[in-house]
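**Student:**
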Amino acid sequence: MSATPVTRQWRKPHFIASPWLRWGLILGTVFYLGWALATLPFDWSRISEGIPRAARIFGGGFPPSFERYELLFSGFKESFQIALLATLLGVLLSIPFAVMAARNIAPRPIYLLGRSVIIVSRSFHPVIVAILFVKAVGFGPLAGILTLTLYSIGFVGKLLAEEIEEIDWGQVEAMRAAGASYLSTLIFAVFPQILPRQIGLSMYQLDSNLRASAVVGIVGAGGIGSTLMNAFGRYDYDFAFAILLVIIAVILVSEGISGWVRKRVW
Amino acid sequence: MVTSKHSVASRVWVRYSRRERWTRWLIMLLVCAVLVWAVRDVDIFWPWVWDAPVQIHSLAERMWPPDLRRLEEIVGAMVETVHIATLATFLTIFLALPISWISAQNTTPNRACLWLGRFILVASRSVNTIIWALLFVAIFGPGVLAGILAITFRSIGFVGKLMGEAIEEIDRKPVEAMEATGASRACVVLYAIVPQVMPAFFAVIILRWDINIRESTVLGLVGAGGIGVILQGAIDTFAWPTVATILCAIVLLVLAGEAVTSVLRRRVL
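Quick mapping for you: the protein sequence lines, in order, are chains A and B. So in the working numbering, spot 224 of the first sequence is number 224, and the numbers just go up one at a time. Position in the second sequence (from 1) plus 1000 gives the number in the working numbering.
1. Can you check whether the CB of residue 127 of chain A is closer than 7 Å to the CB of residue 219 of chain A?
2. So, does the stretch 81–100 of chain A touch the stretch 152–159 of chain A, judging by three or more C-beta pairs under 8 Å?
3. How many angstroms separate the CA atom of residue 1099 of chain B from the CA atom of residue 1109 of chain B?
4. Which of the three DSSP states, helix, strand or coil, is assigned to residue 1142 of chain B?
5. Going by CA-CA distance only, name the one from B/1235, B/1244, B/1236 and B/1213 that's closest to residue 1255 of chain B.
6. Please report the residue range of the alpha helix (DSSP H) in which residue 235 of chain A lies.
7. Counting only beta-carbon atoms, is residue 141 of chain A nearer than 7 Å to chain B?
8. At least one CB of chain A closer than 7 Å to the CB of residue 1196 of chain B: is that the case?
9. Of all the options B/1104, B/1206 and B/1232, which has the alpha carbon lying nearest to the alpha carbon of residue 1093 of chain B?
10. Mind the definition here: the stretch 1175–1184 of chain B touches the stretch 1225–1245 of chain B only if three or more C-beta pairs lie below 8 Å; say whether that holds.
11. Determine whether the beta carbon atoms of residue 231 of chain A and residue 239 of chain A lie at a separation below 7 Å.
12. Can you tell me which of A/227, A/244 and A/263 puts its alpha carbon nearest to the alpha carbon of residue 70 of chain A?
13. Expressed to the nearest angstrom, what Euclidean distance is found between the alpha-carbon atoms of residue 106 of chain A and residue 113 of chain A?
14. My output table needs one value for residue 77 of chain A: the three-state DSSP class, helix, strand or coil.
15. Where does residue 1183 of chain B fall in DSSP's three states?
16. By how many angstroms is the C-alpha of residue 1121 of chain B removed from the C-alpha of residue 261 of chain A?
17. For the stretch 135–151 of chain A against the stretch 182–194 of chain A, do three or more pairs of beta-carbon atoms, one drawn from each stretch, fall closer than 8 Å, so that the two count as touching?
18. Please list the segments of the alpha helix (DSSP H) lying wholly inside the stretch 12–93 of chain A, counting only runs of 4 or more residues, in order along the chain.
19. Return no unless some Cβ of chain A is closer than 7 Å to the Cβ of residue 1189 of chain B.
20. Give, in chain order, every unbroken run of the alpha helix (DSSP H) that is at least 4 residues long and sits entirely within the stretch 1082–1161 of chain B.
21. For residue 1222 of chain B, I'd like the list of residues in its chain whose CB is within less than 7 Å of its CB, leaving aside the five on either flank, ordered along the chain.
22. Rounded to whole angstroms, what is the Cα-Cα separation between residue 185 of chain A and residue 158 of chain A?
23. Would you mind reading off the limits of the alpha helix (DSSP H) that contains residue 1057 of chain B?
24. Any beta carbon of chain B sitting closer than 7 Å to that of residue 236 of chain A?
25. Beta-carbon separation of residue 968 of chain B and residue 1118 of chain B under 7 Å?
26. Determine whether the Cβ of residue 1094 of chain B lies closer than 7 Å to any Cβ atom of chain A.
27. Tell me the DSSP secondary structure of residue 10 of chain A in three-state form.
28. Check this for me: beta carbons of residue 1197 of chain B and residue 1166 of chain B, under 7 Å apart or not?
29. Going by C-alpha distance, which of A/251, A/163 and A/210 is nearest residue 81 of chain A?
30. Does the beta carbon of residue 1214 of chain B sit closer than 7 Å to a beta carbon anywhere in chain A?
31. So that I know if they touch, is there some Cβ in chain B lying closer than 7 Å to that of residue 136 of chain A?
32. Thinking just about the alpha-carbon of each residue, which of A/95, A/41 and A/133 is nearest to the one in residue 1058 of chain B?
33. Closer than 7 Å by C-beta to residue 229 of chain A: which residues in its own chain qualify, once you throw out the five before and the five after it? Chain order, please.
34. Determine whether the Cβ of residue 125 of chain A lies closer than 7 Å to any Cβ atom of chain B.
35. Under the three-state reduction of DSSP, which class applies to residue 1211 of chain B: helix, strand or coil?
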């Protein structure tokens, strides 16, 4: 009766319990990485020149030059104006689209139309939209404003539509029972419930548009992005780095302000 | 008795106190003033504004019907776009995790590391993908590597910030229990911290992959690979029907990306 003591060793349970799925995922990842790396066209000779080039660029970029601060300031002023006007237009226009795209208050064909507008405007990166608007309405801040308006409609419209779908239905029923028209139901039963959220979203969108307005300029839609692109194009790296530093600083400040406002309003 | 009733009846319900009312008016006035300034000061050529609907309509007309002749090339570029997004997301995992580690208050070794980590995260998020791409194209030349690095450097900030927050929100008790048994630091990390942040990790990575697909569609506009290269070429040669095809392809790709992420989210989490 020499019973060997049963040694039980505790093992950590795996995150994905099924071994088939676990090993399948790992193998799949490895194969995918191999395939992707094999098919992508890497130009190794050009890449190997990169390190000295990087040293030259960063060497040329330091110290950042704030000599042309007037250009810097006017670029930022334009970016700010673009962001502000686009946010105003976008937030106002997002309300009808959100109403259209809310399943509970819009008839089905209208709902599908509203949803597809929101999906399409969210699919395209603002830079792509900016290129199209630059081609359609010419260079300058107008293309930037139109681009960011569309971008805001997509984002605010989507979140607002979800908010409308989650409202307290009692007030709408009460209004309808009293025989109110569709419009007054919207104004008195729906909008008061989503208004605080809309203000918070507007602040967030202003912040986000300010960031995006820095990039739409790269394709010619006005603002600091145009200034940055010019500086890069002329190998004026010290000015470009100065612009980048100021962009980071402005975004930090705007993030702080919008966070503070949202905390107070929301 | 009559008087008290009267005094109650004469009270009018007001939503805001006098001070609140004034603050609201002041804020509205300020917002209006800034808007008026922006409209008057911005460098817009107004005749173009009134002309814009006509121009946009004419552009849309030139795009119709979409030209499907270069479809094969477009599909190839789409695959490249997905590769860029996926490889960049994969690379981000290795770079973002150590940074999120040092920028979470409960795991950071010291204050200097904490601030270094936070600085990296903020700098990464503040510089847009396109600007990162511009920089990497200048360094490594046009091509997919610049695109992958641009997406990676932008994603580090996003993934690092969310992972850092997830690490900060873990339950302290398993960590304390492990420490009380005299477990080594590596064991504590592996058995008490990693399992708690694993779901957040997958959620963040899946979310970022979805965003990266969108972002990688524009890299080509500054020469960093993917569908944007063909898009830029088509726009420059005024091949509007081809542009329309590419735009439709992008919408389909983004929708497909969303479908894949929603399936992954349900399966893995």
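Beta carbons: idealized from backbone N, C-alpha and C, even for Gly. All values reported here derive from a predicted model rather than from experimental measurement.
**Tutor:** In short:
1. Numbered from 1 along the first sequence, position 219 holds the residue referred to as residue 219 of chain A. Numbered from 1 along the first sequence, position 127 holds the residue referred to as residue 127 of chain A. Going by C-beta atoms, residue 219 of chain A is nearer than 7 Å to residue 127 of chain A.
2. yes
3. For this step, residue 1099 of chain B is matched to residue 99 along the second sequence. For this step, residue 1109 of chain B is matched to residue 109 along the second sequence. The alpha-carbon atoms of residue 1099 of chain B and residue 1109 of chain B are separated by roughly 12 Å.
4. Taking the first residue of the second sequence as position 1, residue 1142 of chain B is located at position 142. In this structure, residue 1142 of chain B counts as coil in the three-state DSSP scheme.
5. Position 255 of the second sequence, counted from the start, is the residue given in the question as residue 1255 of chain B. Of the candidates B/1235, B/1244, B/1236 and B/1213, the one whose C-alpha sits nearest the C-alpha of residue 1255 of chain B is B/1213.
6. Here residue 235 of chain A corresponds to residue number 235 of the first sequence, with the count starting at 1. No alpha helix (DSSP H) holds residue 235 of chain A; DSSP gives it neither H nor E.
7. Mapped onto the first sequence, residue 141 of chain A falls at position 141. Yes - at least one Cβ of chain B is within 7 Å of the one on residue 141 of chain A.
8. The count along the second sequence starts at 1 and reaches residue 1196 of chain B at position 196. No, because no Cβ of chain A sits closer than 7 Å to the Cβ of residue 1196 of chain B.
9. To locate residue 1093 of chain B, count along the second sequence from 1; it is residue 93. The shortest Cα separation from residue 1093 of chain B among B/1104, B/1206 and B/1232 belongs to B/1206.
10. no
11. As a position in the first sequence, residue 231 of chain A is number 231, starting the count at 1. As a position in the first sequence, residue 239 of chain A is number 239, starting the count at 1. Going by C-beta atoms, residue 231 of chain A is nearer than 7 Å to residue 239 of chain A.
12. The residue labelled residue 70 of chain A in the question sits at position 70 within the first sequence. With distances taken between Cα atoms, residue 70 of chain A lies closest to A/227.
13. In the first sequence, residue 106 of chain A corresponds to position 106, counting from 1. In the first sequence, residue 113 of chain A corresponds to position 113, counting from 1. Going by the C-alpha atoms only, they are around 10 Å apart.
14. Locating residue 77 of chain A in the first sequence gives position 77, where the first residue counts as 1. Three-state DSSP puts residue 77 of chain A in a helix.
15. Here the question's residue 1183 of chain B lines up with position 183 in the second sequence. Coil at residue 1183 of chain B, not helix or strand.
16. Within the first sequence, the letter at position 261 stands for residue 261 of chain A. Within the second sequence, the letter at position 121 stands for residue 1121 of chain B. About 23 Å.
17. no
18. 19–39, 44–48 and 50–61
19. What you label residue 1189 of chain B is simply residue 189 of the second sequence in a count that begins at 1. Cβ-Cβ to chain A under 7 Å: no for residue 1189 of chain B.
20. 1111–1126 and 1129–1140
21. Start at 1 with the first residue of the second sequence, and residue 1222 of chain B comes out as number 222. Within the same chain, residue 1222 of chain B has close Cβ partners 1130, 1133, 1134 and 1137.
22. The residue given as residue 185 of chain A occupies position 185 in the first sequence. The residue given as residue 158 of chain A occupies position 158 in the first sequence. Residue 185 of chain A and residue 158 of chain A: Cα-Cα distance of roughly 21 Å.
23. Start at 1 with the first residue of the second sequence, and residue 1057 of chain B comes out as number 57. 1046–1063 is the extent of the alpha helix (DSSP H) around residue 1057 of chain B.
24. Looking up residue 236 of chain A in the first sequence gives position 236. With 7 Å as the cut-off, residue 236 of chain A does not count as an interface residue toward chain B.
25. Coverage of chain B is limited to positions 1001 through 1269, which leaves residue 968 of chain B absent and any answer about it impossible.
26. Here residue 1094 of chain B is taken as the residue at index 94 of the second sequence, counted from 1. So no, residue 1094 of chain B is outside the interface.
27. Here residue 10 of chain A refers to the residue found at position 10 of the first sequence. Note: residue 10 of chain A maps to coil in three-state DSSP.
28. As a working mapping, residue 1197 of chain B is identified with position 197 in the second sequence. As a working mapping, residue 1166 of chain B is identified with position 166 in the second sequence. Taking 7 Å as the Cβ cut-off, residue 1197 of chain B and residue 1166 of chain B qualify as a contacting pair.
29. The residue given as residue 81 of chain A occupies position 81 in the first sequence. Among A/251, A/163 and A/210, the Cα nearest to that of residue 81 of chain A belongs to A/210.
30. The sequence position of residue 1214 of chain B within the second sequence is 214, counting from 1. At least one chain A Cβ lies under 7 Å of residue 1214 of chain B.
31. On the first sequence, position 136 is the one that residue 136 of chain A refers to. Chain B contact via Cβ: present.
32. Numbered from 1 along the second sequence, position 58 holds the residue referred to as residue 1058 of chain B. When only C-alpha atoms are compared, the closest one is A/133.
33. Within the first sequence, the letter at position 229 stands for residue 229 of chain A. Excluding residues within five positions, the ones whose Cβ falls inside 7 Å are 217 and 218.
34. Counted from its first residue, the first sequence places residue 125 of chain A at position 125. Judged by the 7 Å Cβ criterion, residue 125 of chain A is in contact with chain B.
35. Reading the second sequence from its first residue, position 211 is the one you call residue 1211 of chain B. In the structure shown, residue 1211 of chain B sits in a helix (DSSP, three-state: H, G or I).
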